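A.B. asks:
Chains as they are written, first to last, in the numbering used here: chain G, 25 to 319; chain R, -4 to 416.
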């Protein structure tokens, strides 16, 4: 194997992996705190991509500049979905009436609903949102590197650090961590658990909102685009460790690197199968994921 | 006759008259509308192309109805009923079942994706319902000895042959030929079947295949595959990808400034989809070669009012004009309309025989760019052919066959390197 190609594959694997990790951050947070597999995670990403698209089409706003608009919008949407759709189920679950699987099914329903509403509203045509940033790629030594991907990967690192600091040093962050550890004990300590849930879900969606705007300049936008990212995010989160912020990035980079390198030796569909094999293998050895704490 | 028997006789007369009236009106109802079922991917990965076909079918139905309907059936009107396959084989089959059993359609068309068309046509065959294939190219669709399945458009073998024929024509004109080919294709029925045909034909023509790579659908990154192509150093790349993947791949290829001496040759798919061109910077698709069942610059030479009407409808409904999928939807419906005229009946068996006897050499069914539509014993239109275009100066121009090439079209071969564009 040509060392140039192999080094390039490494570089690319890290960039794509970090991007996947950034997209999975919100899912990891929701997963860790609410113990809910948010099946609609990819759909929220799709909505963020369309938000960037429409803001550009109607208002001429660059996808990078649409972050401050899309993030609060997505926060509000996530907050409402948790409050109106999932909240009632959790309240019943506290009374030990509902199995956690129903939350998964509920979010799957939200996913189908959002995807089909998007299809009705936006049509099936593939769209794109080019950024006014004209430097599409630059040379890193001998390697042409896509600057949009570098921005997305760097943003994923910044977001992960930001969320980690916020969880560690703010009241709401502490409340979220306490709720993640033991929701009943947190409630007895005076923490408003339903509010924590709403904020966490909103924050998870806001994170995916930010990443959506940042990947919009290079990802084709269709109503189905969320599904691929949703499944990848799920793998990344479980691999990295449920609820672990750093784990999300590590999981993403492991998958990104593995797929990028394996694809140089075998056909891409085979590489994807191998990456799922790696996923199973790691979970067999570390059921809590790479960065998750053993319980 | 007693008053009682008289009353019974009157009652019998009324019942008989009533039943006759019902029979007559029933027949009149059956004649008034002919239902055409069309299974298409209206959502899912190929939804854009499915919706284009839908526009073509609707345009033809409305044109035929506006022109007085099916005259041999007393002016019967056509009605198109659509089933959404979501690009999934199982959904396509259940939609076919619904259209045959519940909607009782006279004839079916669709289903764009080969993977859907293959099992769905089997169901149509079992139910003795004629099916006019639209878009699907997998060879075996018309190679199973079926009686009710007909295909107007190219089969995969033709697509592959035409791509290599176009390369051979350009080589003949310039003296520069492709020696090393790379294949990159979606891993479904269409892509695999296309690649298999290219492999077979390339071997016959002594062209080396130096990279042969399937791609899972809906990728988020193609860098790894582009790296493989870069390290294989092919002369030309043959692509068979659906629109979203095609868009991502094209962008990344342009960003990486990957030079291919004889360019990118796409077999329809994303590169024939107008929404693809709307979503991408024109510089990224410069010198793209696209093989498709549609002469993309036909409106420059053909100003038929029905073609212009279909183009106008497409613009109103889709935001862009005619495309291969619109043209094929239109063609299929006109073939069905013609068969209904000759059969004088919407009865499935009669209609099947009429479709089998189709021989069209003029009219809107040929808007795709064909010279004739006539099916062989397997149901394949042997006169189908695609047109290969090259994107020159921001405009897609037909370059193959040479008869379809405009006088002012000068193909660029080899294509300039990125640094010199």
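No residue lacks a Cβ here, since even glycine has one placed at the ideal position from N, Cα and C.
Quantities reported herein were computed from a predicted structural model and do not represent experimental measurements.
Chain G beta carbons: is any one of them nearer than 8 Å to that of residue 242 (chain R)?
C.D. replies: For the purposes of this step, residue 242 (chain R) is taken as residue 247 along the second chain, with counting starting at 1. Answer yes: the Cβ-Cβ gap between residue 242 (chain R) and chain G drops below 8 Å somewhere.
A.B. asks: May I ask you to list, following chain order, the residues of the segment 194 to 223 of chain R that have a beta carbon less than 8 Å from some beta carbon of chain G?
C.D. replies: Answer set for the segment 194 to 223 of chain R: 208, 209, 210, 211, 213, 214, 215, 216, 218, 219, 220, 222, 223.
A.B. asks: Report yes if the C-beta distance between residue 241 (chain G) and residue 131 (chain G) is below 8 Å; otherwise report no.
C.D. replies: Translated into positions along the first chain, residue 241 (chain G) becomes position 217. Translated into positions along the first chain, residue 131 (chain G) becomes position 107. No, they are not a contact pair.
A.B. asks: In the DSSP assignment, find the unbroken beta strand (DSSP E) run with residue 406 (chain R) in it and report its ends.
C.D. replies: For the purposes of this step, residue 406 (chain R) is taken as residue 411 along the second chain, with counting starting at 1. Segment: none, residue 406 (chain R) is in no beta strand (DSSP E) and carries neither H nor E.
A.B. asks: Would you mind working out which of G:262, G:32, G:181, G:305 sits nearest residue 166 (chain G), comparing C-alpha positions?
C.D. replies: Position 142 of the first chain, counted from the start, is the residue given in the question as residue 166 (chain G). That would be G:32, whose Cα lies nearest to the Cα of residue 166 (chain G).
A.B. asks: Determine whether the Cβ of residue 226 (chain R) lies closer than 8 Å to any Cβ atom of chain G.
C.D. replies: In the second chain, residue 226 (chain R) corresponds to position 231, counting from 1. Closer than 8 Å to some Cβ of chain G, the Cβ of residue 226 (chain R) qualifies, so yes.
A.B. asks: Using the C-alpha atoms, what's the distance from residue 39 (chain R) back to residue 101 (chain R)?
C.D. replies: On the second chain, residue 101 (chain R) is found 106 positions in, with the first residue counted as 1. On the second chain, residue 39 (chain R) is found 44 positions in, with the first residue counted as 1. Near 27 Å, if we compare the C-alpha coordinates of residue 39 (chain R) and residue 101 (chain R).
A.B. asks: Contact defined as beta carbons within less than 8 Å: I believe residue 315 (chain G) pairs with residue 265 (chain G). What is the distance between those atoms, to the nearest angstrom?
C.D. replies: Position 291 of the first chain, counted from the first residue, corresponds to residue 315 (chain G). Position 241 of the first chain, counted from the first residue, corresponds to residue 265 (chain G). Going by Cβ atoms, the distance from residue 315 (chain G) to residue 265 (chain G) rounds to 4 Å, so yes, they are a contact pair.
A.B. asks: Can you give the Cα-Cα distance for residue 63 (chain R) and residue 404 (chain R), rounded to whole angstroms?
C.D. replies: Working through the second chain from its first residue, we reach residue 63 (chain R) at position 68. Working through the second chain from its first residue, we reach residue 404 (chain R) at position 409. One C-alpha to the other measures close to 40 Å.
A.B. asks: In chain order, what residues of the same chain lie with their CB nearer than 8 Å to the CB of residue 168 (chain R), ignoring the 5 residues before and after it?
C.D. replies: Working through the second chain from its first residue, we reach residue 168 (chain R) at position 173. For residue 168 (chain R), where only same-chain residues beyond five positions count, the Cβ hits under 8 Å are 406, 408.
A.B. asks: To the nearest angstrom, how far is the alpha carbon of residue 141 (chain G) from that of residue 230 (chain R)?
C.D. replies: Counting from 1 along the first chain, the entry for residue 141 (chain G) is found at position 117. Counting from 1 along the second chain, the entry for residue 230 (chain R) is found at position 235. Cα-Cα distance, rounded: 44 Å.
A.B. asks: May I ask which residues mark the beginning and end of the alpha helix (DSSP H) holding residue 392 (chain R)?
C.D. replies: What you label residue 392 (chain R) is simply residue 397 of the second chain in a count that begins at 1. Residue 392 (chain R) -> not in any alpha helix (DSSP H); beta strand (DSSP E) instead, spanning 390 to 395.
A.B. asks: Can you tell me which of the three DSSP states residue 146 (chain R) falls into?
C.D. replies: As a working note, residue 146 (chain R) is residue 151 in the second chain. Of the three classes helix, strand and coil, the one that applies to residue 146 (chain R) here is strand, per DSSP.
A.B. asks: Applying the 10 Å Cβ sphere with the 16-neighbour rule, what's the burial state of residue 182 (chain G)?
C.D. replies: Looking up residue 182 (chain G) in the first chain gives position 158. Looking at its Cβ environment, which holds fewer than 16 other Cβ atoms inside 10 Å, residue 182 (chain G) is exposed.
A.B. asks: On the DSSP letters alone, give me the boundaries of the beta strand (DSSP E) that residue 385 (chain R) sits inside.
C.D. replies: Within the second chain, the letter at position 390 stands for residue 385 (chain R). Its beta strand (DSSP E) spans residues 382 to 387.
A.B. asks: Please check the pair residue 87 (chain R) and residue 115 (chain R), which I expect to be a contact at CB under 8 Å, by giving their CB distance rounded to whole angstroms.
C.D. replies: As a working mapping, residue 87 (chain R) is identified with position 92 in the second chain. As a working mapping, residue 115 (chain R) is identified with position 120 in the second chain. Their Cβ separation, rounded to whole angstroms, is 5 Å, which keeps residue 87 (chain R) and residue 115 (chain R) in contact under 8 Å.
A.B. asks: Against residue 291 (chain G), what residues of chain R qualify as contacts under a CB-to-CB distance less than 8 Å, listed in chain order?
C.D. replies: Here the question's residue 291 (chain G) lines up with position 267 in the first chain. What residue 291 (chain G) touches in chain R: 208, 209.
A.B. asks: Does residue 237 (chain R) come out as helix, strand or coil in the three-state DSSP assignment?
C.D. replies: Looking up residue 237 (chain R) in the second chain gives position 242. The answer is coil: DSSP assigns residue 237 (chain R) none of H, G, I, E or B.
A.B. asks: Given this structure, state the Cα-to-Cα distance separating residue 290 (chain R) from residue 358 (chain R), to the nearest angstrom.
C.D. replies: Start at 1 with the first residue of the second chain, and residue 290 (chain R) comes out as number 295. Start at 1 with the first residue of the second chain, and residue 358 (chain R) comes out as number 363. Approximately 16 Å between the Cα atoms of the pair.
A.B. asks: Residues of chain R with a CB under 9 Å from the CB of residue 351 (chain G): which are they?
C.D. replies: Here chain G comprises residues numbered 25 to 319, so residue 351 (chain G) is not present and cannot be evaluated.
A.B. asks: With distances taken between CB atoms, is the gap from residue 102 (chain G) to residue 267 (chain G) smaller than 8 Å?
C.D. replies: What you label residue 102 (chain G) is simply residue 78 of the first chain in a count that begins at 1. What you label residue 267 (chain G) is simply residue 243 of the first chain in a count that begins at 1. No, the pair does not count as a contact, with Cβ atoms beyond the cut-off.
A.B. asks: Determine, using beta carbons only, whether residue 132 (chain G) comes closer than 8 Å to chain R.
C.D. replies: The residue you call residue 132 (chain G) lines up with position 108 of the first chain. So no, residue 132 (chain G) is outside the interface.
A.B. asks: Alpha carbon to alpha carbon, what distance is there between residue 297 (chain R) and residue 364 (chain R)?
C.D. replies: Numbered from 1 along the second chain, position 369 holds the residue referred to as residue 364 (chain R). Numbered from 1 along the second chain, position 302 holds the residue referred to as residue 297 (chain R). Between residue 364 (chain R) and residue 297 (chain R), the C-alpha separation is close to 10 Å.
A.B. asks: For residue 209 (chain R), is the classification buried or exposed, using 16 other Cβ atoms within 10 angstroms of its Cβ as the cut-off for buried?
C.D. replies: Counting from 1 along the second chain, the entry for residue 209 (chain R) is found at position 214. Label assigned to residue 209 (chain R): buried.
A.B. asks: Is residue 244 (chain G) helix, strand or coil by DSSP?
C.D. replies: For the purposes of this step, residue 244 (chain G) is identified with residue 220 of the first chain, where counting begins at 1. Of the three classes helix, strand and coil, the one that applies to residue 244 (chain G) here is coil, per DSSP.
A.B. asks: Please go through the same chain and pick out, in chain order, the residues whose beta-carbon is closer than 6 Å to the beta-carbon of residue 298 (chain G), but skip the five residues on each side of it.
C.D. replies: Position 274 of the first chain, counted from the first residue, corresponds to residue 298 (chain G). Within the same chain, residue 298 (chain G) has close Cβ partners 286.
A.B. asks: Assign residue 289 (chain R) to one of three DSSP states: helix, strand, or coil.
C.D. replies: Counting from 1 along the second chain, the entry for residue 289 (chain R) is found at position 294. If DSSP states are grouped into helix, strand and coil, residue 289 (chain R) belongs with coil.
A.B. asks: Assign residue 201 (chain R) to one of two classes, buried (16 or more other C-beta atoms within 10 Å of its C-beta) or exposed (fewer than that).
C.D. replies: To locate residue 201 (chain R), count along the second chain from 1; it is residue 206. With fewer than 16 other Cβ atoms within 10 Å, it is exposed.
A.B. asks: Within 10 Å of its beta-carbon, does residue 305 (chain R) have 16 or more other beta-carbons around it, so buried, or fewer, so exposed?
C.D. replies: On the second chain, residue 305 (chain R) is found 310 positions in, with the first residue counted as 1. The residue is buried, with at least 16 neighbouring Cβ atoms inside 10 Å.
A.B. asks: At 9 Å on the CB atoms, spell out the chain G contacts of residue 43 (chain R), in chain order.
C.D. replies: Working through the second chain from its first residue, we reach residue 43 (chain R) at position 48. Those within 9 Å of residue 43 (chain R) in chain G are 147, 148, 149, 150, 246.
A.B. asks: Indicate the three-state DSSP secondary structure (helix, strand or coil) for residue 208 (chain R) in the structure shown.
C.D. replies: Within the second chain, the letter at position 213 stands for residue 208 (chain R). Strand, per DSSP.
A.B. asks: Below 8 Å on the Cβ atoms is my contact criterion, and I expect residue 239 (chain R) with residue 40 (chain G) to pass it. Report the Cβ-Cβ distance as a whole number of Å.
C.D. replies: Residue numbering aside, residue 239 (chain R) sits at position 244 when the second chain is read from its first letter. Residue numbering aside, residue 40 (chain G) sits at position 16 when the first chain is read from its first letter. The Cβ separation is near 17 Å, so there is no contact.
A.B. asks: Where residue 173 (chain R) and residue 249 (chain G) are concerned, what is the direct C-alpha to C-alpha distance, given to the nearest angstrom?
C.D. replies: Walking along the second chain from the start, residue 173 (chain R) turns up at place 178. Walking along the first chain from the start, residue 249 (chain G) turns up at place 225. Rounded to the nearest angstrom, the two C-alpha atoms are 36 Å apart.
A.B. asks: Can you find a C-beta in chain R that's less than 8 Å from the C-beta of residue 26 (chain G)?
C.D. replies: As a first step, residue 26 (chain G) must be located in the first chain, where it is residue number 2. It does: the Cβ of residue 26 (chain G) has a partner Cβ on chain R nearer than 8 Å.
A.B. asks: Tell me the DSSP secondary structure of residue 368 (chain R) in three-state form.
C.D. replies: Your numbering for residue 368 (chain R) matches position 373 in the second chain. Strand.
A.B. asks: What's the call for residue 203 (chain G), buried or exposed, on a 16-neighbour Cβ count within 10 Å?
C.D. replies: Looking up residue 203 (chain G) in the first chain gives position 179. Buried, since its Cβ has 16 or more Cβ neighbours within 10 Å.
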